[in-house]
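> What follows is a structure written as structure tokens; I'll ask about it next.
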Amino acid sequence: MREKAIREDEKLRKRYEQKRELYRLLREHASDILESKNFRSTRNYIQHGSMPVQRHCIDVARQSIAISKFFHVPCNERALIRGALLHDYFLYDWHDKTRENYQMLHGFYHPGIALANASREYNLSLREKDIIKKHMWPLTVVPPRCREAWIVTTADKYCSLLETLKLRKGAGKARIRVTG
Ligand SMILES: [Fe+2]
Ligand SMILES: [Fe+2]
């Protein structure tokens with residue numbers, strides 16, 4: 196009984212440490228993205244199930260770091276995190292059929308839209324561009340060219356599967372506070 200409690204404590208402590216490390220890395224490499232108005236607006240769009248796009252992207256960044264550490268893949272941590280955060284930077288509700296320019300084939304088109312949006316606001320490195328543009332591979336036929344993009348496309352599929360199967364849930368769209 197006591198051993199079980201110790202194991203539980205250890206598990207919790209590890210999870211806490213991992214979260215702390217994630218937030219440290221996010222602050223170090225991407226505080227400009229996280230604090231930007233457009234990135235914050237993505238919490239008002241649903242990705243899959245009840246998961247907002249903002250949290251999906253942070254989850255993909257977290258899983259990408261976890262994959263690179265678990266498999267000891269040396270990579271550019273800054274590009275990995277920034278690319279993961281911006282990989283779904285399409286900035287609209289892809290479920291909304293009444294939207295102007297509604298695309299039936301969101302899966303095919305959104306990497307290009309995300310890349311165009313992100314390029315307007317950030318000075319993207321070649322690795323970051325590759326991550327955003329290829330994250331839907333194999334749907335978008337050309338495969339990733341750097342290991343950071345391979346990691347993010349894997350992390351994205353893993354997160355999307357958990358969200359679609361409702362094994363990972365979000366709180367839905369952020370409530371828009373009306374003031375004044
Ligand atoms: Fe995507
Ligand atoms: Fe995604």
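Under the working numbering, the first residue of the sequence shown is numbered 196, with each subsequent residue one higher.
Backbone N, C-alpha and C define an ideal beta-carbon position, used for all residues, glycine too.
Rounded to a whole number of angstroms, what is the C-alpha to C-alpha distance between H330 and G307?
Looking up residue 330 in the sequence shown gives position 135. Looking up residue 307 in the sequence shown gives position 112. Straight through space, the alpha carbons of G307 and H330 are spaced by roughly 10 Å.
> With DSSP as the reference, identify every bridge partner of H462, one or two as the case may be.
With the chain covering only 196 through 375, there is no way to say anything about residue 462.
> Would A366 be called buried (16 or more neighbouring beta carbons within 10 Å of its own) or exposed?
Taking the sequence shown and counting its residues from 1, the one referred to as residue 366 is at position 171. So A366 ends up on the exposed side.
> Quick one: Cα of K292 to Cα of E223, how far?
Along the sequence shown, one-based indexing puts residue 292 at 97. Along the sequence shown, one-based indexing puts residue 223 at 28. Approximately 38 Å between the Cα atoms of the pair.
> How would you write the range of the alpha helix (DSSP H) that H301 sits in, first residue to last?
Numbered from its first residue, the sequence shown carries residue 301 at position 106. H301 -> alpha helix (DSSP H) spans H301 to E316.
> Give the secondary structure of V336 by DSSP, where H, G and I count as helix, E and B as strand, and everything else as coil.
For the purposes of this step, residue 336 is taken as the residue at position 141 of the sequence shown. It is coil, neither helix nor strand.
> Go ahead and label E198 buried or exposed: buried means 16 or more other beta carbons lie within 10 angstroms of its beta carbon, across all protein chains shown.
Taking the first residue of the sequence shown as position 1, residue 198 is located at position 3. Counting Cβ neighbours within 10 Å, E198 comes out exposed, since fewer than 16 surround it.
> According to the neighbour-count rule (16 or more other Cβ atoms, all chains shown, within 10 Å of its Cβ), is L362 buried or exposed?
Walking along the sequence shown from the start, residue 362 turns up at place 167. By the C-beta density criterion, L362 is exposed, having fewer than 16 other C-beta atoms within 10 angstroms.
> Reducing DSSP to helix, strand and coil, say where V347 ends up.
Taking the first residue of the sequence shown as 1, we reach residue 347 at position 152. Correct three-state label for V347: helix.
> Who are the near neighbours of S355 in its chain, counting only those whose CB is closer than 7 Å to its CB and skipping five residues on each side?
If you number the sequence shown from 1, residue 355 lands on position 160. Within the same chain, and ignoring the five residues on either side of S355 in sequence, the residues whose Cβ sits closer than 7 Å to its Cβ are H243.
> Rounding to the nearest angstrom, what Cα-Cα distance links Y353 and M196 in this structure?
Here residue 353 is taken as the residue at index 158 of the sequence shown, counted from 1. Here residue 196 is taken as the residue at index 1 of the sequence shown, counted from 1. Each residue's Cα considered, the two are about 34 Å apart.
> Just reading off the alpha helix (DSSP H) that A274 is part of, what are its end residues?
On the sequence shown, position 79 is the one that residue 274 refers to. Looking at the DSSP string, the run of the alpha helix (DSSP H) that includes A274 is E272 to L281.
> Measure how close the beta-carbons of A279 and A350 come, nearest whole angstrom, since I'm counting them as under 8 Å.
For the purposes of this step, residue 279 is taken as residue 84 along the sequence shown, with counting starting at 1. For the purposes of this step, residue 350 is taken as residue 155 along the sequence shown, with counting starting at 1. So it is a contact: roughly 7 Å between Cβ atoms.
> Got a sec? Which residues, its chain only, sit under 6 Å from I346 by beta carbon, not counting five neighbours each side?
For the purposes of this step, residue 346 is taken as residue 151 along the sequence shown, with counting starting at 1. For I346, where only same-chain residues beyond five positions count, the Cβ hits under 6 Å are S259, I262 and S263.
> Select from E323, T348 and C341 the residue whose C-alpha is nearest the C-alpha of T335.
Position 140 of the sequence shown, counted from the first residue, corresponds to residue 335. The residue with the shortest Cα to Cα distance from T335 is T348.
> Would you give the residue range spanned by the alpha helix (DSSP H) that F234 belongs to?
The sequence position of residue 234 within the sequence shown is 39, counting from 1. Counting along the chain, the alpha helix (DSSP H) containing F234 begins and ends at K232 to S236.
> In the structure shown, what three-state DSSP assignment does L321 receive?
Stepping through the sequence shown from its first residue, residue 321 is reached at position 126. Of the three classes helix, strand and coil, the one that applies to L321 here is helix, per DSSP.
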